[in-house]
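See structure below.
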Amino acid sequence: MPHPSPADWQVLHVHPAAPAKPIVGAPCNGCGVCCLSAPCPLGIVLSGRRSGACAALRWNGVQARYLCGAIAQPAEVLGPRWRWAAPLLGRWARRWVAAGIGCDSTLEVERQA
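Everything in the sequence shown is counted per my numbering, starting at 508 for the first residue and increasing by one.
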């Protein structure tokens, strides 16, 4: 497969302490690449956007990894108006975003030196 041209590149601002992106099919390590590039279907609903970083993505400095806010902090992601639905979102989000299934991002990542 030919290397993508600069016109096809997407610049992602990844936390410097984030782990490297795993290979496709490997367990998720919280690198954040998939969610920083575009929201998943649930992220589209929560973010109100179809491109760019998902607004529900959260950096966890203690774990040094990204987490889905719909799973880790559903009340914060939903905001005050919908906070009552946080327990439901927290239970269902893991399945909706396929958490723990494995990396499904085919993006090629180049870190700047």
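Even glycine gets a Cβ: it sits at the ideal position worked out from N, Cα and C. Small disclaimer: the values here were computed from a predicted structure and weren't measured.
Since residue i contacts residue j with CB under 8 Å, what's their CB separation in whole angstroms?
{"i": "leucine 553", "j": "alanine 563", "result": "5 Å"}
{"i": "leucine 543", "j": "alanine 560", "result": "5 Å"}
{"i": "valine 531", "j": "cysteine 610", "result": "5 Å"}
What would DSSP say about residue i, mapped onto helix, strand or coil?
{"i": "arginine 572", "result": "strand"}
{"i": "tryptophan 640", "result": "Within the shown structure, residues of the chain are numbered from 508 to 620, placing residue 640 beyond reach of any answer."}
{"i": "arginine 602", "result": "helix"}
{"i": "glutamate 617", "result": "coil"}
{"i": "tryptophan 516", "result": "coil"}
{"i": "alanine 592", "result": "helix"}
{"i": "glycine 550", "result": "helix"}
{"i": "cysteine 561", "result": "coil"}
{"i": "isoleucine 578", "result": "helix"}
{"i": "glycine 609", "result": "coil"}
If we ignore side chains and look at the alpha-carbon of each, how far apart do residue i and residue j end up?
{"i": "glutamate 583", "j": "cysteine 547", "result": "18 Å"}
{"i": "glycine 586", "j": "valine 540", "result": "25 Å"}
{"i": "glycine 597", "j": "arginine 572", "result": "19 Å"}
{"i": "alanine 576", "j": "arginine 556", "result": "The question names alanine, but residue 576 is glycine in the sequence shown. One C-alpha to the other measures close to 16 Å."}
{"i": "cysteine 535", "j": "leucine 574", "result": "10 Å"}
{"i": "alanine 525", "j": "isoleucine 608", "result": "20 Å"}
{"i": "alanine 605", "j": "leucine 595", "result": "16 Å"}
{"i": "valine 616", "j": "tryptophan 516", "result": "10 Å"}
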